[in-house]
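Step one of this worksheet: look at the structure below.
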Amino acid sequence: MSPIPRRSLLKAAAVAGAAAQFSWALGTTNAQAAPRAEAADPDPVGLDWLEDGGLGAAPGSTVGVPWPRGAYQQDQTFALTDADGNAVPVQSWPIAYWPDGSLKWTAHAVSSDAGALTLTAGEAAAPERKVTVDRSGGTITVSTGVITARIGRSGSALVKSVTRGTTEIARNGRLVLIRRPEIEDQDQGTAKSERFESAISAAEVEQDGPVRAVVRVDGKHRKGDRSWLPFSVRLYFYAGADSFRMVHTITFDGKQEPGKSSGDFVGGLGVRFTVPMRDAAYDRHIRVGGDGTGLLREAVQGVTGLRRDPGASVQAAQFAGEKLADPSTWDQRVTTRLQYIPEWGDYTLSQLSADGFTLRKRTRKGHGWIAAGGGRRASGFGYVGGPSGGFSFGLRDFWEKFPAQLDIRDAHTDEAEVTLWLWSPEAQPMDLRFYHDGMGQDTYAEQLEGLNITYEDYEPGFGTPYGIARTSELLFWANESTPTPERLAEQVDAVRVLPQLAAPPKQLIKAQVFGPGLYSEPDRSTPAKAKIEDHLDFLFTYYKDQVEMRRWYGFWDYGDIMHSYDPVRHQWRYDVGGYAWDNSELSPDLWLWFAYLRSGRADIFRFAEAMTRHTGEVDVYHLGQWAGLGTRHGVQHYADSAKQQRIANTTYRRYYYFLTADERVGDLMHANVDSDETFLALDPLRKIRTEPYTPDRHALSIGFGTDWSGLVSAWLTEWERKGPKWEKARARVLSTMETIAAQPNGFVQGSGLYDLDTGRFAVATEPVVGVSHLSAVFGLNELCAELIDLVDMPAFKEAYLDYCRYFNATKTEQAARYGSNFGTLLLFQGHSRLDAYAAVQTGDTQLATRAWTKFYSSDGYTESSPWKTEKLSGPVTLVPGSEANWVYTNDTALYGLAAIENLALLGDKMPT
Numbered sequence: 000m001s002p003i004p005r006r007s008l009l010k011a012a013a014v015a016g017a018a019a020q021f022s023w024a025l026g027t028t029n030a031q032a033a034p035r036a037e038a039a040d041p042d043p044v045g046l047d048w049l050e051d052g053g054l055g056a057a058p059g060s061t062v063g064v065p066w067p068r069g070a071y072q073q074d075q076t077f078a079l080t081d082a083d084g085n086a087v088p089v090q091s092w093p094i095a096y097w098p099d100g101s102l103k104w105t106a107h108a109v110s111s112d113a114g115a116l117t118l119t120a121g122e123a124a125a126p127e128r129k130v131t132v133d134r135s136g137g138t139i140t141v142s143t144g145v146i147t148a149r150i151g152r153s154g155s156a157l158v159k160s161v162t163r164g165t166t167e168i169a170r171n172g173r174l175v176l177i178r179r180p181e182i183e184d185q186d187q188g189t190a191k192s193e194r195f196e197s198a199i200s201a202a203e204v205e206q207d208g209p210v211r212a213v214v215r216v217d218g219k220h221r222k223g224d225r226s227w228l229p230f231s232v233r234l235y236f237y238a239g240a241d242s243f244r245m246v247h248t249i250t251f252d253g254k255q256e257p258g259k260s261s262g263d264f265v266g267g268l269g270v271r272f273t274v275p276m277r278d279a280a281y282d283r284h285i286r287v288g289g290d291g292t293g294l295l296r297e298a299v300q301g302v303t304g305l306r307r308d309p310g311a312s313v314q315a316a317q318f319a320g321e322k323l324a325d326p327s328t329w330d331q332r333v334t335t336r337l338q339y340i341p342e343w344g345d346y347t348l349s350q351l352s353a354d355g356f357t358l359r360k361r362t363r364k365g366h367g368w369i370a371a372g373g374g375r376r377a378s379g380f381g382y383v384g385g386p387s388g389g390f391s392f393g394l395r396d397f398w399e400k401f402p403a404q405l406d407i408r409d410a411h412t413d414e415a416e417v418t419l420w421l422w423s424p425e426a427q428p429m430d431l432r433f434y435h436d437g438m439g440q441d442t443y444a445e446q447l448e449g450l451n452i453t454y455e456d457y458e459p460g461f462g463t464p465y466g467i468a469r470t471s472e473l474l475f476w477a478n479e480s481t482p483t484p485e486r487l488a489e490q491v492d493a494v495r496v497l498p499q500l501a502a503p504p505k506q507l508i509k510a511q512v513f514g515p516g517l518y519s520e521p522d523r524s525t526p527a528k529a530k531i532e533d534h535l536d537f538l539f540t541y542y543k544d545q546v547e548m549r550r551w552y553g554f555w556d557y558g559d560i561m562h563s564y565d566p567v568r569h570q571w572r573y574d575v576g577g578y579a580w581d582n583s584e585l586s587p588d589l590w591l592w593f594a595y596l597r598s599g600r601a602d603i604f605r606f607a608e609a610m611t612r613h614t615g616e617v618d619v620y621h622l623g624q625w626a627g628l629g630t631r632h633g634v635q636h637y638a639d640s641a642k643q644q645r646i647a648n649t650t651y652r653r654y655y656y657f658l659t660a661d662e663r664v665g666d667l668m669h670a671n672v673d674s675d676e677t678f679l680a681l682d683p684l685r686k687i688r689t690e691p692y693t694p695d696r697h698a699l700s701i702g703f704g705t706d707w708s709g710l711v712s713a714w715l716t717e718w719e720r721k722g723p724k725w726e727k728a729r730a731r732v733l734s735t736m737e738t739i740a741a742q743p744n745g746f747v748q749g750s751g752l753y754d755l756d757t758g759r760f761a762v763a764t765e766p767v768v769g770v771s772h773l774s775a776v777f778g779l780n781e782l783c784a785e786l787i788d789l790v791d792m793p794a795f796k797e798a799y800l801d802y803c804r805y806f807n808a809t810k811t812e813q814a815a816r817y818g819s820n821f822g823t824l825l826l827f828q829g830h831s832r833l834d835a836y837a838a839v840q841t842g843d844t845q846l847a848t849r850a851w852t853k854f855y856s857s858d859g860y861t862e863s864s865p866w867k868t869e870k871l872s873g874p875v876t877l878v879p880g881s882e883a884n885w886v887y888t889n890d891t892a893l894y895g896l897a898a899i900e901n902l903a904l905l906g907d908k909m910p911t
């Protein structure tokens, strides 16, 4: 299928907007949540690790588990056992409720590596060593029973100290930022920099044990009178762990203007700790991770490879990281000359691309660097310490989110310093300026002409990074001595792939979460089903391979994929307007999460996880005038002037949150509860309206498709979570459902005038047909399936089923029902899942037949599509690889969701 014509999109949007020109009256019917369900008979739930190896060296893991409606009430406690029936300590808490008040999702934290686990109702076993939290004075003190961390409530140090027993392992954990006030190419300008450090504004204990404790620290980076680049950091501690996890978020609030070389350019962004050094120089050990679990294993003062041999046992012990015997027992030809052996105090590993890292060291500041090796993709792991204790540290997605760097400084002194650079100071400064000068697109008419050639919706001043965010994850270990090579390898593995517990697909399906009946486990029992499963596997594998071939990596880019392919250049259209970064267009996020929900595959989970981290942070504004809005697909993730709800859509975050209870994603979802206010700030149809329109608090034009689906997903999630605004959110869910259903043409009406104060749409007095091919492809079907299951509102159900019934109908059928047809539509294959859903809800066999007809024989991918790749190499492409030049991400997302949902809903009614 060729890419969607933008002109068709504009026509459809204009039709939808026309509904606003009619007179309106408020609806009055009350809406009710569905009644309490009969209590279910819950079975024990098996939990297992996504990847082999279990918890390993990670501090702990938290998993979300869904329950059928009515299975458990909110005061239910849970117990966990291992494969032998032994009790495993667990901390449990609710993260979502059914409308009847019963538990929908619960979160469970574990800190012991006990392999596969079984979760049941019961009393939780207490950990032998509990997490405790003390809030006295200006410090929050968290103890895991093994290590103790003192967390600051003010000042620059987020982590004042980390001790193990009576030994201080690290101190003064703070954030560092290098600002470059000017950026120019090559030898232009002057290289100046300013150094900022964290300044804490608030610290809060979010959980306090007994298995898991969470502390959130917020602030900005400060130097003198200036504070900027807000941060939000969470520190995670688990019972009995010798380590802790940091989730680090920054939100960009600097000034960078296109065409100007001056501004706020990040030259380095990092997390820094001071590490006390107590051992003799020859007992101080350095470990730096390389490829795989590879390590540079050295001592600050090495006694191997010398002209004189201290003894084989001494050399072996040093390489192993063990305390050496007293030098008086060595060969005295070495002992008497120790002062002449250099002490290497500084190490740096730089990963400036996804394809290579370099490692170097020097004795101390002011002296030359010596190359110490290099490789392809470093693990982002390091260690400094000795027999009396040491500090391990790691940055997740180190090479994937290049440019990154690890520094060890002054290891030859009493205080070493380690810095994990999320943005390497050796890279070019972070340049987020808009990428072109506007090319004369000063008026809406000119901007629409530009859109018609590059598919980019440009508008001066809109391509700003102000307010976008990025989250990184780090791990730290307080070791009682230098770990063994085997233990170091486990720590490296935890940094590379953070262990994650998971509930099996059968439990998700049984609980009927995320739309009852919309997904089922893969089934290859017939040739037709097997062929669709093959196609789904092909598409996922292709995108996974394209990430690697096309190097879709980098601090701001990792997790996203491209929108459209250029067969002539054998390249994705990375530099062509709206065809470049996808930014959730037509819901690839949903495709990936549904693929995971039904399969439980770790590789799909990790792909979807990276996309969720990206699209929820980088493609959405969190500060400024457009906070709560996302940006349409483009060459830069914030470039396009279409700032819309459909990209900020909470639907795309729900899956990861409920599967992991991740607090940062929870923040993002809660922040969207009041995003209906954004329609006052920006009219999404401002460029194509033909009638006067001024946003009015009591009469905001909001579409029932891409707009409302984004709003209602946030409200539904807040209601389910019983967040701070859940009662308001519930009211908004019910009132908008009611007033959409009350429209003369229901969903087909297209849009309505929304009152911010009442949370209701005015009910039009005249019917209008305002249908867009985009309305249902940003999660509307999946949300409505959930809402219809949750809320007993027959009128809403009928309105949505009518929309499903008629989108793929003939124009004659549409006109017979609504007085006029729906005009020129697209995306019939993707909408076949609406046919399938309506067929099951109504028992209409003709709809079931049409669902498969539209899936197999309309647009999108067909059985006659190639379903294979072609090999590429030079001089055709930059690097060897493969292409499927018929694959477009719009089609992939729609085919993937339609295939998954149609198989689940109508797998028993496939054509023979």
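If you read the sequence shown in numbering that gives the first Met the number 0, its first letter stands for residue 0, the second for the next number, and so on. Beta carbons: idealized from backbone N, C-alpha and C, even for Gly. Because the structure is a prediction, the values reported are computed rather than measured.
- Rounded to whole angstroms, the Cβ separation of residue 799 and residue 783 is 5 Å, and the two are in contact under 8 Å.
- Your pair residue 400 and residue 902 does not check out as a contact, with CB atoms roughly 35 Å apart and the cut at 8 Å.
- Judged by DSSP secondary structure, residue 447 falls outside any beta strand (DSSP E) and instead within the alpha helix (DSSP H) spanning 443-453.
- Your pair residue 157 and residue 136 does not check out as a contact, with CB atoms roughly 16 Å apart and the cut at 8 Å.
- Within 10 angstroms of the beta-carbon of residue 737 lie 16 or more other beta-carbons, which makes it buried.
- Under the three-state reduction of DSSP, residue 181 is assigned to strand.
- In the structure shown, residue 76 adopts coil according to DSSP, grouped into three states.
- Exclusion of the five residues before and after residue 694 leaves 678, 679, 682 as the residues of its chain whose Cβ lies within less than 7 Å of its Cβ.
- In the DSSP annotation of this structure, the continuous segment of the alpha helix (DSSP H) that includes residue 605 starts and ends at 601-616.
- Taking the Cα positions, residue 606 is about 24 Å away from residue 832.
- In the DSSP annotation of this structure, the continuous segment of the alpha helix (DSSP H) that includes residue 734 starts and ends at 725-740.
- Its chain contains 359, 361 as the residues whose beta carbon lies nearer than 6 Å to that of residue 368, once the 5 sequence neighbours on both sides are disregarded; these appear in chain order.
- Residue pairing by DSSP places residue 327 in no beta bridge whatsoever.
- For the beta strand (DSSP E) assignment, the uninterrupted runs of no fewer than 3 residues enclosed by the segment 321-401 are, from N- to C-terminal side, 345-352, 355-361, 369-374, 380-385, 388-394.
- The criterion of a C-beta distance shorter than 7 Å is not satisfied by residue 403 and residue 383.
- For residue 243, the uninterrupted beta strand (DSSP E) run begins and ends at 242-250, by DSSP.
- If you check the CB distance, residue 866 and residue 910 do not come in under 7 Å.
- Annotated three-state conformation of residue 275 is strand, per DSSP.
- According to DSSP, residue 116 shares a beta bridge with 46, 81.
- Annotation: residue 636 to residue 254 spans about 17 Å, alpha carbon to alpha carbon.
- Judged by beta-carbon spacing, residue 222 lies beyond the 7 Å limit of residue 198, meaning their Cβ atoms are not closer than that value.
- Residues 77, 105, 107 of the same chain have their beta carbon placed closer than 6 Å to that of residue 91, with the five preceding and five following residues left out of the count.
- Three or more beta-carbon pairs drawn from the segment 498-516 and the segment 62-74 are found closer than 8 Å, and the two stretches are therefore classed as touching.
- According to the DSSP secondary-structure assignment, residue 142 is paired through a beta bridge with 131, 147.
- Within the same chain, 393, 394, 397, 494 come within 6 Å of residue 379 by CB-CB distance, once the 5 residues on both sides are set aside.
- Contact between residue 264 and residue 465 is ruled out by a C-beta separation of about 14 Å, above the 8 Å threshold.
- Two segments are said to touch when three or more pairs of C-beta atoms, one from each, lie closer than 8 Å; by this definition the segment 485-494 does not touch the segment 661-671.
- In the DSSP assignment, residue 675 falls outside any alpha helix (DSSP H), carrying neither H nor E.
- The shortest C-alpha to C-alpha distance from residue 797 to any of 49, 818, 774, 739 is the one to 739.
- Annotation for residue 130: 141, 142, 143, 144, 207, 208, 209, 210, 211, 212, 236, 237, 238 place their beta carbon closer than 8 Å to its own, counting only its chain and skipping 5 residues before and after.
- Judged by DSSP secondary structure, residue 656 falls within the alpha helix (DSSP H) whose first and last residues are 650-659.
- A check of alpha carbon separations from residue 123 across 87, 552, 817, 287 identifies 87 as the nearest.
- Residues 162 of the same chain have their beta carbon placed closer than 6 Å to that of residue 147, with the five preceding and five following residues left out of the count.
- According to the DSSP assignment, residue 901 belongs to the alpha helix (DSSP H) that extends over 888-905.
- Listed in chain order, the non-local C-beta contacts of residue 75 below 7 Å within the same chain comprise 102, 120, local neighbours out to five positions each way being set aside.
- Collapsing the DSSP output to three states places residue 569 in coil.
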